[in-house]
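**Student:** Quick one: structure below, then a few questions.
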Amino acid sequence: MANRHPHGDNMKTIGMIGIGMMGHGIATNIAKHGHRLVLLDHPGNQPLDRLLAAGATTAATPAEVARAADAVILCVTGTPEVEDALLRADGVLAGLRPGTVVIDCSTAIPSSTVRIADAVARAGGRFLDAPMTRTPKEAAEGRLNLIVGGERELFEQYRPLLACFAENIVYAGPAGSGHRLKLLHNYVSLGFSAVLAEAAACAERADVDPAVLLEVLSKGGGDGVVLNRLRPYIESRDGSGFRFTLANARKDMGYYTTMARELGAARATAEAVLGTYEQALDAQRPQATVPELIGILGGKPAG
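Quick note on numbering: the working numbering labels position 173 of the sequence shown as 1586, and the sequence is numbered without any gaps.
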């Protein structure tokens, strides 16, 4: 097999399931590095014109993708979609060839990930969970962060492929570890976002000048990545730099609280953050983004 040869990385055929905002950037950068691409044809995909022009082909089912691929990358919404793509009658496992690697870049519930890894192994394949952080902008630039779970040797073998689309790659431990750390990361990030959004909404009601609020926070304990992501919205209602939907925030927080419950871990604050996103989503359109939480909590939802 090509993936056993240290200099064979540019000869791999990579299957991809999920060419959304993140997956499109991943696929584009994999193609730039000389790999062949086989993409699942799906109505949720972003336009494939440029990828097809670069030599990518499409397949009608996940099983067909798997039959053609040395490695299959999933970049779908969450656990139900991962399980469906892998386990359904025409799913990835139905077409998996011996030794093929399944790399799940989605955000998922870790207990499901461990079961998926076992199912892939029983089908003769190998598995890495490699959830990502950062945004579609970094995905397009090939500068994602990856948190990877699975066998260390397999991780090292596939690091060059992951490096095609990621800038920072962290090995987390056995299968499921990547998804555990991703949920911990997203809880902190979304938790900070909810706290800041609530504070900014309160500041508006108190007629606090947004510029002064930002100056005080940035010179004190409120400074950081989340403040900088939300700053344009606080200043001028510009949410274009933080395109993470409230629907995804609710999903990820739900996954986190599920993980914490399964572990018997404290989760009162996480449950409150989840409740904030649930209430906001009920009040707004499904594609509303996290910055819009500020206006929603302030009683002034964006159009």
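All C-beta atoms, glycine included, are put in the ideal place defined by N, C-alpha and C.
(1) Would DSSP call L1722 helix, strand or coil?
(2) Since G1508 is in the alpha helix (DSSP H), which residue starts that stretch and which ends it?
(3) Can I1560 and K1595 be called in contact, C-beta distance under 7 Å?
(4) Going by DSSP, which residues form a beta bridge with T1470?
(5) Could you tell me which whole beta strand (DSSP E) segments of length 3 or greater appear in the segment 1543–1613?
(6) Please report the distance separating the alpha-carbon of Q1570 from that of R1674.
(7) Of the residues V1505, L1453, R1547, A1614, which one's Cα is nearest the Cα of A1534?
(8) Please state whether DSSP places V1489 in a helix, a strand or coil.
(9) In terms of residues, what are the limits of the alpha helix (DSSP H) holding D1665?
(10) For T1689, name the three-state secondary structure that DSSP assigns.
(11) With a 10 Å radius around its C-beta and 16 neighbouring C-beta atoms as the bar for buried, classify D1695 as buried or exposed.
(12) Who are the near neighbours of G1591 in its chain, counting only those whose CB is closer than 7 Å to its CB and skipping five residues on each side?
(13) Between the Cα of I1486 and the Cα atoms of I1439, E1554, S1602, which residue gives the shortest distance?
(14) Between which two residues does the alpha helix (DSSP H) containing D1531 stretch?
(15) Assuming I1427 and L1450 are in contact, meaning their beta carbons sit under 8 Å apart, how far apart are those beta carbons, in whole angstroms?
(16) A1479 to R1510, Cα distance in whole Å?
(17) Skipping 5 residues on each side, what residues in its chain have a beta carbon closer than 6 Å to that of G1604?
(18) Any idea what DSSP makes of A1696, helix, strand or coil?
(19) Please report how far the alpha carbon of I1432 lies from the alpha carbon of E1551, in whole angstroms.
(20) What residues are listed by DSSP as bridge partners for M1429?
(21) For A1701, which of helix, strand or coil comes out of DSSP?
**Tutor:** Straight from the coordinates:
(1) Here the chain comprises residues numbered 1414 to 1716, so residue 1722 is not present and cannot be evaluated.
(2) As a working mapping, residue 1508 is identified with position 95 in the sequence shown. First-last of the alpha helix (DSSP H) with G1508: 1505–1508.
(3) Position 147 of the sequence shown, counted from the start, is the residue given in the question as residue 1560. Position 182 of the sequence shown, counted from the start, is the residue given in the question as residue 1595. Cβ atoms of I1560 and K1595: closer than 7 Å.
(4) Indexing the sequence shown from 1 puts residue 1470 at position 57. V1451, per the DSSP bridge assignment.
(5) 1557–1562, 1579–1586
(6) Here residue 1570 is taken as the residue at index 157 of the sequence shown, counted from 1. Here residue 1674 is taken as the residue at index 261 of the sequence shown, counted from 1. For Q1570 and R1674, the distance between alpha carbons rounds to 34 Å.
(7) Translated into the one-based positions of the sequence shown, residue 1534 becomes position 121. When only C-alpha atoms are compared, the closest one is V1505.
(8) Within the sequence shown, the letter at position 76 stands for residue 1489. V1489 falls in the coil class under three-state DSSP.
(9) Working through the sequence shown from its first residue, we reach residue 1665 at position 252. Taken as a continuous stretch (DSSP letters only), the alpha helix (DSSP H) holding D1665 covers 1659–1676.
(10) Position 276 of the sequence shown, counting from 1, holds the residue named residue 1689. T1689: helix per DSSP, three-state reduction.
(11) On the sequence shown, residue 1695 is found 282 positions in, with the first residue counted as 1. It is exposed - the Cβ of D1695 has fewer than 16 other Cβ atoms within 10 Å.
(12) As a working note, residue 1591 is residue 178 in the sequence shown. Taken in chain order, the residues that qualify are D1542, A1543, P1544, I1560, V1561, G1562, A1585.
(13) By one-based count along the sequence shown, residue 1486 stands at place 73. Selected option, being the one with the closest Cα: I1439.
(14) Position 118 of the sequence shown, counting from 1, holds the residue named residue 1531. Segment 1523–1535, the alpha helix (DSSP H) holding D1531.
(15) Numbered from 1 along the sequence shown, position 14 holds the residue referred to as residue 1427. Numbered from 1 along the sequence shown, position 37 holds the residue referred to as residue 1450. The Cβ separation is near 6 Å, so the contact holds.
(16) Reading the sequence shown from its first residue, position 66 is the one you call residue 1479. Reading the sequence shown from its first residue, position 97 is the one you call residue 1510. Each residue's alpha carbon lies about 7 Å from the other.
(17) Translated into positions along the sequence shown, residue 1604 becomes position 191. Excluding sequence neighbours, G1604 sits near V1686.
(18) Residue numbering aside, residue 1696 sits at position 283 when the sequence shown is read from its first letter. In this structure, A1696 counts as coil in the three-state DSSP scheme.
(19) Mapped onto the sequence shown, residue 1432 falls at position 19. Mapped onto the sequence shown, residue 1551 falls at position 138. Approximately 15 Å between the Cα atoms of the pair.
(20) For the purposes of this step, residue 1429 is taken as the residue at position 16 of the sequence shown. The partner list for M1429 (beta bridge, DSSP) reads L1452, I1486.
(21) Residue 1701 sits at position 288 when you count from the first residue of the sequence shown. A1701 falls in the coil class under three-state DSSP.
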